[in-house]
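Residue numbers (the numbering used here): 66 to 669.
All C-beta atoms in this analysis are idealised placements derived from N, C-alpha and C, irrespective of residue type, glycine included.
Only a predicted model underlies this, so the values are computations on that prediction, with no experimental measurement involved.
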């Protein structure tokens, strides 16, 4: 047999229909022959004759063992040589594939004795149908005794490997000891920081979703049952062992904002409050926790302000563009919003009074929220209320209402003082004796304050200012300006106590007014009657007409005299007529150089 004979037991593959299709043959012909216009019947016949002649010469050459000299005409065609090599390569590939499949079947049949399920998955179908699984076994073969030289080499190699392993183990142990020392230092630093946090009074706890981590509670338990008001931070260990805190509720680290109060007049901001200083980078872990607590406090404060503002729309509060606004006066507005410390810029044009007002409002809001926390703590100490089917109402905190009460009370008191002072100036310019004393918020300032809670309690109740007005004719008016945005006033009330020794005692007593216009008109009326009483007490010839603001002077009909006292917002005036002639008048507007009222009356 020929040693180079290659046999393949696999069947010849079926011709690929794609390779013999017309769409595949035409490109192949064009690549080998060129365009079809160059292919003719004569050229094809010549190629066929040449191929037959070449095959005959190959057959004669194979029969004749003596080689013939190869000439240039007898050299093989490269295309035919390439086709032959291709056939040989295909045969070699098929032989290698057959050997690989035979080896796979052999290994699979050998493993089928141990793991039949996995082995059968890699068997060929022919092997499964021919031979049963597990029929081929294997056994270990004992190794022959090695020679002395082989044993010596093995021992040397073994000692070398063992020595190298010991060196590597020693190096690993030294590295592990070094890492252990570093970890020990980091752990020591971490736990020392944890103890420092504990000594500062912060509550250390377990993190709900991370039982392997420690956390610190910096929120306010009195803020309510809503979890968004509670602050919880995770104490993480840094790369150098220093402790850091991760705020889970995003109040302290991710949402760094504070409540800002601004005063706007005429569409221009004239005053703003200052936020607290953030010293997280310089105060260590305790400073970080404290700043996170401050940010949580600011977050809760703004939420409570926005919540209460929705219930005070009747007082002029509006929630616009994530800010709470309300009108302080006709062209003045208070704006409360949440902003980052880095976004707060210094205003170019500011007013010291407006800056103090904005800072005072910001401080008052923070104090009122702390007072609400205190009240909530005291309420939780009391016995619980009776169970009912209706849910317990959860009204908003009173943060804006006391501030608005103070602002309105201040505005009404200032307006009342201005109007009363104006009337007194009219009386003084007429040579009459009149004065005003004012005690602002006397019920708040006169109370004995022992602690901060009493101070706040005195500010959130009824506000009352006391004004005492002394008018001519021994008139005395005590005006109590009371403000309360709640029952039973729901605004500002003016309680006026009037007393004098004249003839109008039946109209005196206590009168209550609900607007500035009403109380101003009443003060004008009192000034008119007090001037009448003054005239009747100093000049007995004049008599009052039926408790009105008019007077007459007894005498002959031709000399009949009539006088009328009028008080308006702009002046104090006296009108008189003599004998039914034309009216004459004189006005006092608070300036100097005018004749006194007594001298004018005596000259009539």
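Helix, strand or coil at residue i according to DSSP, with G and I counted as helix
i           : result
residue 653 : strand
residue 618 : strand
residue 625 : coil
residue 562 : strand
residue 394 : coil
residue 387 : coil
residue 203 : coil
residue 93  : helix
residue 578 : strand
residue 104 : coil
residue 504 : strand
residue 668 : helix
residue 531 : strand
residue 307 : coil
residue 358 : helix
residue 374 : helix
residue 327 : strand
residue 342 : coil
residue 276 : strand
C-alpha distance - residue i paired with residue j, whole-angstrom precision
i           : j           : result
residue 462 : residue 476 : 24 Å
residue 650 : residue 565 : 27 Å
residue 225 : residue 239 : 21 Å
residue 600 : residue 533 : 23 Å
residue 395 : residue 483 : 17 Å
residue 541 : residue 489 : 13 Å
residue 643 : residue 555 : 51 Å
residue 561 : residue 539 : 16 Å
residue 589 : residue 535 : 13 Å
residue 654 : residue 479 : 21 Å
residue 492 : residue 637 : 7 Å
residue 112 : residue 94  : 15 Å
residue 558 : residue 583 : 11 Å
residue 165 : residue 171 : 10 Å
residue 384 : residue 370 : 10 Å
residue 507 : residue 374 : 29 Å
residue 204 : residue 175 : 11 Å
residue 471 : residue 614 : 38 Å
residue 646 : residue 553 : 54 Å
residue 259 : residue 247 : 18 Å
residue 501 : residue 544 : 11 Å
residue 264 : residue 257 : 10 Å
residue 668 : residue 602 : 17 Å
residue 389 : residue 378 : 11 Å
residue 503 : residue 487 : 14 Å
Neighbour-count burial assignment, residue i, 16 or more Cβ in a 10 Å radius
i           : result
residue 284 : buried
residue 281 : buried
residue 232 : exposed
residue 298 : buried
residue 436 : buried
residue 91  : exposed
residue 363 : buried
residue 217 : exposed
residue 657 : exposed
residue 474 : buried
residue 354 : buried
residue 521 : buried
residue 158 : exposed
residue 114 : exposed
residue 495 : buried
residue 460 : exposed
residue 419 : buried
residue 189 : exposed
Short Cβ contact (8 Å threshold) for residue i with residue j
i           : j           : result
residue 402 : residue 325 : yes
residue 198 : residue 177 : yes
residue 505 : residue 523 : no
residue 673 : residue 405 : The shown model of the chain, from 66 to 669, leaves out residue 673, and the question about it has no answer.
residue 365 : residue 288 : yes
residue 416 : residue 335 : yes
residue 596 : residue 537 : yes
residue 338 : residue 424 : yes
residue 351 : residue 262 : yes
residue 380 : residue 469 : yes
residue 641 : residue 652 : no
residue 434 : residue 464 : yes
residue 397 : residue 329 : yes
residue 387 : residue 439 : no
beta-carbon residue i near the ligand ADP non-hydrogen atom, thresh 7 Å
i           : result
residue 157 : In terms of ligand content, the structure shown is empty, and the ligand ADP therefore cannot be addressed.
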